[in-house]
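Throughout the sequence shown, residue numbering follows full-length UniProt numbering, covering 1 to 597 in sequence.
Where is the CB? At the ideal position from N, CA and C, for every residue including glycine.
Taking it in order: structure first as structure tokens, then the write-up.
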Amino acid sequence: MSQPNNRRRDPGGFTTETLLLMLAIGGVFIALIVVNVAQHLGHAIDEDGVAVPGDPFVVIMQTFGGQLAWPAAGTFIVAGLGALVLALFVLILIAFTRYRKRRTRVDRAAPYMGRGKDIEGVSKQNAIKQAERLGVRDSFGVPIGKTLGNAPLFGTWEDMHIDIWGPRTGKTTSRAVPAILTAPGSVLVTSNKRDVVDATRDVRASAGPVWVFDPQGISLENPTWWWNPLSYVTDEVKAAKLADHFASGSRDPGAKTDAYFDPAGQDLLAGLLLAAALDQRPITDVYSWLTQPTEDEPVGILRSHGYTLTADQVRGVVNAPEKQRGGIYGTAQQMASCLTNRQVAAWVNPTWETSADDRRPHFDPVAFVRDGGTLYSLSKEGRGTAGPLVTALTVAVVEAAEELAAGSAGGRLAVPLLGVLDEAANVCRWRELPNLYSHYGSRGIVLMTILQSWSQGVDVWGESGMRKLWSASNIKVYGGGVSEDAFLEQLSKLIGDYDRQSSSVSSGRGGRSVNQQLHRERILGVDDLAAMPKGRAVVLSSGNRPTLIRTQPWMTGPHAEQVKASIAAHDPQAQQTIQQAETELVAVEHAEATRDA
């Protein structure tokens, strides 16, 4: 087994005196060669008939002893050889200087991290091999970036991703957009900004219909199509899941919950959602029922469809003491508050009296997964957020993909579904995500969850849930911009240590001695990770050593011109956006040219 590049067996290396001695010996050896070449070649050129000894050491001694005459051409030969050596030295110096200019202050860590066979599992060759095994055509994997040695890295179509990038560190340009552009099948995207939509929608249009779910007007999209969340509710289990999305999405991150009223309010909301679905009501009727705590119409609907226990549960709340009933209904109202927004309602309610009369296309998650296309779901965090609906739509698509995979060969989708959950902690608070993450990879459902910090994930899933999500991810990418000590310390430990050699010199009566010791030091400390420069990211992947990569924004990729055209067609400030992207690329290149003095 080969020695890891971050470990040394014993202290080794050369002292200054040894290096000087080796340089001196090397200089003598070069001089020996030059003099011999000059003597042999010079006399041959001069054609003076002088016999040059074959022994190189004799040539040296006779030359400096005066017994062997120096040829006239010898001086020119020495000058030519000197110029050649100098030119080679200059070329090497230029190449080294260019290499140094592309280094950032963290690049010194790269030699101690994964490279070559250490990261074979994320190599392009492995991605191609796995794509062939899975029968995936047109795309062999999800791009991650390039090593400092310029080797491209890819996740396979079985790998699940989690990314943690601080604000304005390039997560959209370097991770989200490249992943979307290389997907072979359906793509699901969540975000709280329009940039990812504008950049990729026209490029993705060739893969199928483009759907932009924009209930809060982030990309100024009109509701030319609609999706009925109640079409997802086929039984009490689905109703409970939908109610959970409303509950999770309506709470502020990290907000405390009431041990009685929150579960009771969520159960009530689930019962009313089921009643509305069974009676083919618009989802906004659920909120109307919540404003009438004594209304028992939902009870009758549930009972008439055979959901006796759910009907009894709702009736129990309706008949509860006024104060208790008011608390439960008030909690449920808060969970469903996004339904009061008329702009939101236009996306989830039919524009005519019944769904059948609405001439707009109705989004069908099953058809979307089967036939291909791109779905962008947009929402803003804060009061009035449509996050619960974004989460519900996301889950509906992923579960439709799971059902389709179950009936496919090998239990996985023939063409993978890619889900880029950008700003997941803000707009897609899917509570069960950590429990399902590892399962989806085996189904051909590849998800990339992008967060701004570790604590964002903790606010949504709790510490144990966030750890579960982290551990279930095959590809973990940290892009810098985070200042959380605990997370960075954990990441630093995962990256590992290296053996640093130090020397100490001591003098005594016996003379001068040099002692060498090995010390274990962090490859990248907390301070290095907190100050990660633009253009660099750390990648941790299953079965591979951590590695440092050079990020690859879409501006450097094969779709750059298509992306610019898409931005120009849809972004109201297209010129500014494209200029900003180019400025960002220049900033990355500048960061590579910035190094420690």
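Host beta strand (DSSP E) of residue i (start-end)
| i | result |
| --- | --- |
| Asp163 | His161 to Ile164 |
| Leu417 | Leu417 to Asp422 |
| Trp454 | Unbroken run through Trp454 is the alpha helix (DSSP H), Trp454 to Ala472; no beta strand (DSSP E). |
| Lys476 | Ile475 to Tyr478 |
| Tyr376 | Thr374 to Leu378 |
| Pro152 | Pro152 to Gly155 |
| Pro143 | Val142 to Thr147 |
| Thr547 | Thr547 to Arg550 |
Test item: CB-CB of residue i and residue j under 8 Å
| i | j | result |
| --- | --- | --- |
| Trp226 | Val348 | yes |
| Leu302 | Ala259 | no |
| Leu181 | His519 | no |
| Gly481 | Thr169 | yes |
| Trp554 | Val177 | yes |
| Gly26 | Ala73 | no |
| Ala425 | Leu393 | no |
| Ala148 | Asp107 | Per the sequence shown, residue 148 should be read as Leu rather than Ala. Taking 8 Å as the Cβ cut-off, Leu148 and Asp107 qualify as a contacting pair. |
| Ala270 | Ala239 | yes |
| Asn474 | Asp159 | yes |
| Thr547 | Val539 | yes |
| Asn544 | Gly155 | no |
| Ile445 | Glu381 | no |
| Pro416 | Val136 | yes |
| Lys146 | Ile549 | yes |
Counted within 10 angstroms of its Cβ, other Cβ atoms place residue i as buried (16 or more) or exposed
| i | result |
| --- | --- |
| Glu423 | buried |
| Leu20 | exposed |
| Glu322 | exposed |
| Arg522 | buried |
| Ala277 | buried |
| Ile162 | buried |
| Phe368 | buried |
| Thr351 | exposed |
| Asp596 | For Asp596, the predicted model reports a pLDDT of 40, less than 50, meaning its position is unreliable; a value from the coordinates is still stated below. It is exposed - the Cβ of Asp596 has fewer than 16 other Cβ atoms within 10 Å. |
| Met1 | Any reading at Met1 needs caution, since the residue's pLDDT is 42, under 50, leaving its predicted position unreliable; the model's value is listed next. Met1 comes out exposed. |
| Phe64 | exposed |
| Ala537 | buried |
| Val344 | buried |
| Leu389 | buried |
Straight-line gap, residue i to residue j (C-alpha atoms, nearest Å)
| i | j | result |
| --- | --- | --- |
| Ile578 | Ser492 | 35 Å |
| Pro184 | Ala205 | 12 Å |
| Arg360 | Pro209 | 14 Å |
| Leu585 | Tyr112 | 27 Å |
| Ile567 | Val203 | 10 Å |
| Ile283 | His570 | 31 Å |
| Met448 | Arg429 | 14 Å |
| Gly387 | Val460 | 13 Å |
| Leu84 | Leu91 | 11 Å |
| Ala31 | Gly479 | 51 Å |
| Asp10 | Val395 | Summary for Asp10: the model assigns pLDDT 45, below 50, so the residue's position carries little reliability; its value from the coordinates is reported in the next sentence. Asp10 and Val395: Cα-Cα distance of roughly 55 Å. |
| Leu418 | Gly535 | 24 Å |
| Val37 | Asn150 | 41 Å |
| Asn341 | Tyr440 | 34 Å |
| Ser541 | Ile144 | 11 Å |
| Leu134 | Ala179 | 19 Å |
| Pro167 | Arg412 | 35 Å |
| Leu375 | Gly384 | 22 Å |
| Glu47 | Met22 | 37 Å |
| Glu297 | Val233 | 19 Å |
| Gly557 | Met335 | 43 Å |
Endpoints, the alpha helix (DSSP H) within which residue i is located
| i | result |
| --- | --- |
| Ala537 | Per DSSP, Ala537 belongs to no alpha helix (DSSP H); it is in the beta strand (DSSP E), Arg536 to Ser541. |
| Thr63 | Pro56 to Gly65 |
| Ala259 | From DSSP, Ala259 is part of no alpha helix (DSSP H); its letter is neither H nor E. |
| Ala239 | Glu236 to Ser250 |
| Ser288 | Thr284 to Leu290 |
| Leu220 | From DSSP, Leu220 is part of no alpha helix (DSSP H); its letter is neither H nor E. |
| Asn319 | Asn319 -> no alpha helix (DSSP H), and no H or E assigned at all. |
| Asn126 | Lys124 to Leu134 |
| Ala392 | Gly387 to Ala406 |
| Ala530 | Val526 to Ala530 |
Residues that residue i bridges to, as DSSP identifies them
| i | result |
| --- | --- |
| Val446 | Leu418 |
| Glu521 | Tyr498 |
| Val210 | Thr374 |
| Leu188 | Leu375 and Gly419 |
| His362 | Trp226 |
| Leu436 | For Leu436, which the question treats as bridged, DSSP gives no partner whatsoever. |
| Leu451 | Ile164 |
Residue i at chain C interface by Cβ criterion, 8 Å
| i | result |
| --- | --- |
| Pro229 | No chain C is present in this structure, which holds just one protein chain. |
Contact test: residue i Cβ vs the ligand ATP heavy atom, cutoff 7 Å
| i | result |
| --- | --- |
| Asp358 | The ligand ATP is not among the ligands present in this structure, which contains no ligands whatsoever. |
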